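Note sheet for the following structure.
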Amino acid sequence: MRFPRRRKKLNLGKYVAPKPRPEPPIDDLIDEGVLIAAAAVRLAVKNLMVLRSVRDGLNYDEERYVSAVREELSNLADEKDGDALRIAALSDAASRKQGKATHHADYRQADTDHLERREHLLRRLAQRLRELAGDDAWARDLVVASRAEALEDLAASADAVSLSERMQDTDEYRELRADRIRNVKEDLLMLQVTPPEDR
Numbered sequence: 117m118r119f120p121r122r123r124k125k126l127n128l129g130k131y132v133a134p135k136p137r138p139e140p141p142i143d144d145l146i147d148e149g150v151l152i153a154a155a156a157v158r159l160a161v162k163n164l165m166v167l168r169s170v171r172d173g174l175n176y177d178e179e180r181y182v183s184a185v186r187e188e189l190s191n192l193a194d195e196k197d198g199d200a201l202r203i204a205a206l207s208d209a210a211s212r213k214q215g216k217a218t219h220h221a222d223y224r225q226a227d228t229d230h231l232e233r234r235e236h237l238l239r240r241l242a243q244r245l246r247e248l249a250g251d252d253a254w255a256r257d258l259v260v261a262s263r264a265e266a267l268e269d270l271a272a273s274a275d276a277v278s279l280s281e282r283m284q285d286t287d288e289y290r291e292l293r294a295d296r297i298r299n300v301k302e303d304l305l306m307l308q309v310t311p312p313e314d315r
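With positions in the sequence shown counted from 1, the corresponding number in my numbering is that position plus 116.
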């Protein structure tokens, strides 16, 4: 019986820790948080637009969606305030513990500066989200971006349905295809040109 040969141990060298990097400025982190929140709100409002249009058959109402943007931003701000309270409680508990942590969520006195920074960041982010909820121009810009994405989704869905219909190519389909394409183009133009109150 032949035994497998032992592999030689690889020499990976000696570990050298990377140089410490300075923490990014709070304002940069807040800007990143706003970008993430804007993406989440834009997605939520886009989904609401598709749902209201397809399921409920409702026309586009910009004020409804501006209100939805404000509500989503307020909800996110409340969530960040809740996170800040949780971090403050962790920081308070950590300030009374000495020694080394036993696991990743076991905060100690050495971690209080980091926790206080996180709490401060979360409170400032919540404040910034509330400011944006009150900024009419910012909310409307987000609605416009959501609307463009909703139209893209609806057009892609129509293309998918159209593709399945092409697979069942009939004389009737070919006769009516040009009319359907013209109707979709007219609808898209109407959505771009017609003010919301006239729809």
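Just so you know, even glycine gets a beta-carbon here, dropped at the ideal spot from N, CA and C. Since we're looking at a predicted model, the values are computed, not measured.
Exercise. Would you mind stating whether K301 and L241 have Cβ atoms separated by less than 9 Å?
Key: The residue given as residue 301 occupies position 185 in the sequence shown. The residue given as residue 241 occupies position 125 in the sequence shown. Cβ atoms of K301 and L241: not closer than 9 Å.
Quiz item: Roughly how many angstroms separate the alpha carbons of K135 and A276, rounded to a whole number?
Solution: Counting from 1 along the sequence shown, the entry for residue 135 is found at position 19. Counting from 1 along the sequence shown, the entry for residue 276 is found at position 160. Rounded to whole angstroms, K135 to A276 spans 52 Å at the Cα level.
Quiz item: Secondary structure at R118, three-state DSSP: helix, strand or coil?
Solution: Taking the first residue of the sequence shown as 1, we reach residue 118 at position 2. Of the three classes helix, strand and coil, the one that applies to R118 here is coil, per DSSP.
Self-check item: the region 133 to 152 contacting the region 249 to 264, beta-carbon criterion three pairs below 8 Å
Solution: no
Practice problem: Measure how close the beta-carbons of R256 and V150 come, nearest whole angstrom, since I'm counting them as under 8 Å. | Solution: Residue numbering aside, residue 256 sits at position 140 when the sequence shown is read from its first letter. Residue numbering aside, residue 150 sits at position 34 when the sequence shown is read from its first letter. That pair is no contact at about 16 Å.
Self-check item: Selected residue, minimal CA-CA separation from S211, among R298, Y131, H230
Solution: Taking the sequence shown and counting its residues from 1, the one referred to as residue 211 is at position 95. Selected option, being the one with the closest Cα: H230.
Quiz prompt | Endpoints, the alpha helix (DSSP H) within which S169 is located | solution = The residue you call residue 169 lines up with position 53 of the sequence shown. From DSSP, S169 is part of no alpha helix (DSSP H); its letter is neither H nor E.
Quiz item: Any idea if R118 is buried or exposed, counting beta-carbon neighbours within 10 angstroms, 16 or more meaning buried?
Solution: In the sequence shown, the residue the question calls residue 118 occupies position 2. Its Cβ having fewer than 16 others within 10 Å, R118 is exposed.
Self-check item: Other residues of its chain near Y223: CB distance less than 8 Å, five sequence neighbours each side excluded
Solution: Stepping through the sequence shown from its first residue, residue 223 is reached at position 107. So the list reads L206, S207, A209, A210, K213, A217, L231, once near-sequence residues are dropped.
Practice problem: Report the option in R137, V161, Y131, P138 whose CA atom is closest to the CA atom of L326. | Solution: Residue 326 lies beyond the residue range present for the chain, which begins at 117 and ends at 315; the question has no answer from this structure.
Quiz prompt | Rounded straight-line distance, which links the Cα of K130 to that of A184 | solution = By one-based count along the sequence shown, residue 184 stands at place 68. By one-based count along the sequence shown, residue 130 stands at place 14. Roughly 55 Å between the two C-alpha positions.
Quiz item: Nearest to R202 by CA position, among L238, A226, A133, S190, is which residue?
Solution: Taking the sequence shown and counting its residues from 1, the one referred to as residue 202 is at position 86. With distances taken between Cα atoms, R202 lies closest to L238.
Quiz item: If you check the beta carbons only, do A200 and E235 fall under 9 Å apart?
Solution: Taking the sequence shown and counting its residues from 1, one reaches residue 200 at position 84. Taking the sequence shown and counting its residues from 1, one reaches residue 235 at position 119. Yes, Cβ-Cβ distance for A200 and E235 is below 9 Å.
Quiz item: Taking Cβ to Cβ, would you say L305 is nearer than 9 Å to S169?
Solution: To locate residue 305, count along the sequence shown from 1; it is residue 189. To locate residue 169, count along the sequence shown from 1; it is residue 53. No, these two residues do not count as a Cβ contact at 9 Å.
Practice problem: Please check the pair Y181 and L164, which I expect to be a contact at CB under 8 Å, by giving their CB distance rounded to whole angstroms. | Solution: Position 65 of the sequence shown, counting from 1, holds the residue named residue 181. Position 48 of the sequence shown, counting from 1, holds the residue named residue 164. That pair is a contact at about 7 Å.
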